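Below is one structure, written out as structure tokens; the observations come after it.
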Amino acid sequence: MDDPHERIVMTPRGKTANSTTIMVERRKVVSQDGDKVHVGGGQHAGIIVNKEVRQDIEDTPAHLQLEFKVFLINAHTHTHTHESRQLRFWFQSSYGPEKERMRSAQEFFKELVSPLEFPRDYVGFIKKIMKMMQHKYKMISKTEVELKQLQESDKPPTRPMEEEKLALSEEQVLEMIESSFPNPVTTQDLAKRGGSTEGEVDGFVHSLTNKGLIKAMAPGCYTRVGQNETDVKVVRQMPTMTSKKQPTIAIITANYCEKLAVDTMIEHQETFVRYTTVGESNIYTLGNIGAHRVVCTKLPTVGHDRSASIAAGNTTTRLLGTFQHVEHVFLVGVAGGVPHYTDYNRHVRLGDVVIATPPLGHKYIYMYCDQAKTLDTGSYEFETKSWGPPDLSLQNIAQRLKEQGEDGEGVCPWLQYMQEGNHKLSAQEMDFSRPSHDTDKLYMSIGGSDVIEVSHPLPPEGHTRDNSKPHIHLGVVASGRCVVGDDEMRQDFATQLGVVAYDQEFDTVVESIYGNRKDQYVFIRGVCDYENGTRHREWQPYASLAAAGFMKAVICGMEPPNDQ
Numbered sequence: 001m002d003d004p005h006e007r008i009v010m011t012p013r014g015k016t017a018n019s020t021t022i023m024v025e026r027r028k029v030v031s032q033d034g035d036k037v038h039v040g041g042g043q044h045a046g047i048i049v050n051k052e053v054r055q056d057i058e059d060t061p062a063h064l065q066l067e068f069k070v071f072l073i074n075a076h077t078h079t080h081t082h083e084s085r086q087l088r089f090w091f092q093s094s095y096g097p098e099k100e101r102m103r104s105a106q107e108f109f110k111e112l113v114s115p116l117e118f119p120r121d122y123v124g125f126i127k128k129i130m131k132m133m134q135h136k137y138k139m140i141s142k143t144e145v146e147l148k149q150l151q152e153s154d155k156p157p158t159r160p161m162e163e164e165k166l167a168l169s170e171e172q173v174l175e176m177i178e179s180s181f182p183n184p185v186t187t188q189d190l191a192k193r194g195g196s197t198e199g200e201v202d203g204f205v206h207s208l209t210n211k212g213l214i215k216a217m218a219p220g221c222y223t224r225v226g227q228n229e230t231d232v233k234v235v236r237q238m239p240t241m242t243s244k245k246q247p248t249i250a251i252i253t254a255n256y257c258e259k260l261a262v263d264t265m266i267e268h269q270e271t272f273v274r275y276t277t278v279g280e281s282n283i284y285t286l287g288n289i290g291a292h293r294v295v296c297t298k299l300p301t302v303g304h305d306r307s308a309s310i311a312a313g314n315t316t317t318r319l320l321g322t323f324q325h326v327e328h329v330f331l332v333g334v335a336g337g338v339p340h341y342t343d344y345n346r347h348v349r350l351g352d353v354v355i356a357t358p359p360l361g362h363k364y365i366y367m368y369c370d371q372a373k374t375l376d377t378g379s380y381e382f383e384t385k386s387w388g389p390p391d392l393s394l395q396n397i398a399q400r401l402k403e404q405g406e407d408g409e410g411v412c413p414w415l416q417y418m419q420e421g422n423h424k425l426s427a428q429e430m431d432f433s434r435p436s437h438d439t440d441k442l443y444m445s446i447g448g449s450d451v452i453e454v455s456h457p458l459p460p461e462g463h464t465r466d467n468s469k470p471h472i473h474l475g476v477v478a479s480g481r482c483v484v485g486d487d488e489m490r491q492d493f494a495t496q497l498g499v500v501a502y503d504q505e506f507d508t509v510v511e512s513i514y515g516n517r518k519d520q521y522v523f524i525r526g527v528c529d530y531e532n533g534t535r536h537r538e539w540q541p542y543a544s545l546a547a548a549g550f551m552k553a554v555i556c557g558m559e560p561p562n563d564q
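Read in full-length UniProt numbering, the sequence shown has 345 at position 345, and its numbers run on one by one without any break.
Following this line, the structure appears as structure tokens:
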């Protein structure tokens, strides 16, 4: 060590029937009492272990903390004990900004729990912490470890697995048809996408047709039966509208559940559909939100490949060309949140809402990563394109709503809109209510394909925010499969550029909005997973409803149009 008198000192802090707390700190030691301490020698030189418990140490709040869970197997009884291990970090006062401290804490954690070298007992676990602090992580002045037994079980825990390739199901066929809506899709295409046979698909579409969920547009070609189907007008082209009926706000969705959620926010609806079995079909729902005329559309399949993304851009251009009075564009739907493993206030959880806003000192709100590569230094280099609206009026309204919801009275109009929307959607096959909090599990990549379950960061002491309701976050929304598919790269990209959520690739959509010179546009995303909004279908309906509810709050916060 740099200072001959500086040592790594381990001190027991306390013990209860089911927990143990141990402190490991870096400090200068002038002399040691051999009866009270054990002084390491040889390869353990520079390490001191206090034999007695000390409770007279002055506590200061930790700079960062991480909690994870392990499962211990008793060699004699073969029972499985679920144990929580919490790490609290204090850094040298001279060491770096918060971002660097967070990075160091996460790197320390990943090295500590590395599967190839994970200590199998308590002694090895504490010893590894001391050796890491001694030789590599000299910016850490103190670490405190709390080991707490939670429960015993006769069965081993279930492990998070990649989604298995399952046989095609009726539910999956319906999802593919909903994804393509309003475009019809053939049984041949369904079989190809589902890795199945046309004969098997025929059985599923027959069942779905009998249930009234889909309908045939031509032999072997199907589409979803829309909400309030009897009120839908099938047209060859949009009818001419008076200026008062022309929408000034366009709302763009991509998933079927997103369109359903947004439609519940619209009053006096009229829906027009232009179907075609070749090329792109279009659906437009017109009506009112507050004092404003709006039009909502659903893009067919976004982000599965670049041709789908290009088609989504073309659909957006057609929307803005058809409704030329549109001045504001809302992109409303689901996304994957970027978790913050150590900071409760910056941690994005399932069910939260993200509004795309620029980072301090920048103008972009949406970023697409086209290429990413790992440099020889181990760092990443990203090739990106970004967009930001010239006018941030919508973002400013969103910020005021967020602040209003977080002040003492906590006025949150979007919660009422969500409740009303959920009531309207109660007859749908999808469940738009909030899933159980037990399904919101957080995992951290620790290298390769290995992950470890970590706890969500704890709120500060005295914090009263309700975790059963959406929290509102402001920050950049990004996309790009080259970065989304790699856990470490995704986290690094988010940290560098202020990204709080990833969605499917909407770069062609926002490029169309930019090309059509719409100066006010905003992404409002409900968080349904920790990837890019395509993984956790259980949370998609609720996340869509949360985004739609906040969208309505923003629209109702806008100045009424001039003709009102």
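Every residue, glycine too, gets a C-beta built ideally from N, C-alpha and C.
Please read all numbers here as calculations on a predicted model, not as lab measurements.
Assignment of beta-bridge partners to ALA218 by DSSP yields CYS221.
Counting only unbroken stretches of 4 or more residues, the alpha helix (DSSP H) elements lying wholly within the segment 386 to 429 are 393 to 406, 413 to 424, in sequence order. The beta carbon of ASN50 lies closer than 6 Å to those of THR11, VAL37 in the same chain, with the five residues before and after it left out. Taking C-beta atoms under 8 Å as the contact rule, THR186 and CYS221 qualify, at a distance of about 5 Å. CA-CA distance, THR377 to SER468, rounds to 43 Å.
Between the beta-carbon of PHE523 and that of LEU320 there is about 16 Å, and that puts the pair past the 8 Å contact cut. For the pair VAL527 and GLY333, the CB atoms are not nearer than the 8 Å cut-off.
In terms of Cβ geometry, ALA105 and PHE89 form a close pair [threshold 8 Å]. LEU375 carries a coil assignment under DSSP once its states are collapsed to helix, strand and coil.
Around the beta carbon of GLU505, 16 or more other beta carbons sit within 10 angstroms, so the residue counts as buried.
8 Å or more divides the Cβ of ASP503 from the Cβ of GLY475. By the Cβ test, the segment 231 to 246 is not in contact with the segment 191 to 202, since fewer than three Cβ pairs between them sit closer than 8 Å.
In the three-state DSSP reduction, SER141 falls in the strand class (E or B). Look at GLY337 here: in three-state DSSP terms it is strand. Secondary structure note for ALA494: it is in no beta strand (DSSP E), and the uninterrupted alpha helix (DSSP H) holding it is 487 to 497.
Under the three-pair Cβ rule at 8 Å, the segment 294 to 302 does not count as touching the segment 208 to 218. Closest option to GLN269, judged by alpha-carbon separation, among PHE493, GLU258, LEU286, GLU461: LEU286.
Per DSSP, ARG101 lies in no beta strand (DSSP E) segment; the continuous alpha helix (DSSP H) that holds it begins and ends at 98 to 112.
Remark: C-beta atoms of GLY480 and CYS556 do not approach each other more closely than 8 Å. When C-beta atoms of the segment 539 to 556 are compared with those of the segment 255 to 264, three or more pairs fall below 8 Å, so the two segments count as touching. When DSSP states are grouped into helix, strand and coil, GLN149 belongs to the strand group. The beta carbon of THR316 sits closer than 6 Å to those of VAL509, SER512, all from its chain and outside the five residues before and after it, given in chain order.
Nearest Cα to PHE493 within the set GLN371, PRO184, VAL173: GLN371. When the five nearest sequence neighbours on each side are left out, the beta carbons in the same chain lying within less than 8 Å of the beta carbon of LYS373 are those of TYR380, GLU381, in order along the chain.
When DSSP reads this structure, CYS528 sits in no beta bridge, so it has no partner. Judged by DSSP in its simplified three-state form, SER433 adopts coil rather than helix or strand. Inclusion of ILE446 and PRO119 in the CB contact set at 8 Å is not warranted, their separation being larger than that value. Ranked by Cα distance from GLU52, the first of GLN43, TYR256, ALA62, MET23 is MET23. The DSSP-derived three-state label of ALA308 is helix. Every alpha helix (DSSP H) of 4 residues or more that sits fully in the segment 255 to 331 is shown, in chain order, as 256 to 263, 306 to 322. Nearest to MET132 by C-alpha distance, out of GLU107, VAL500, THR20, LEU150, is GLU107. Across the structure, VAL411 and LEU401 are spaced so that their CA atoms are roughly 8 Å apart. When LEU147, HIS471, PRO61, ARG525 are compared, the shortest CA-CA separation from LYS15 is found for LEU147.
LYS518 is positioned such that its CB atom lies closer than 8 Å to that of VAL329. The DSSP-derived three-state label of ALA45 is coil.
In the pairwise beta carbon analysis, the segment 241 to 252 is classified as not touching the segment 201 to 210: fewer than three pairs are separated by under 8 Å.
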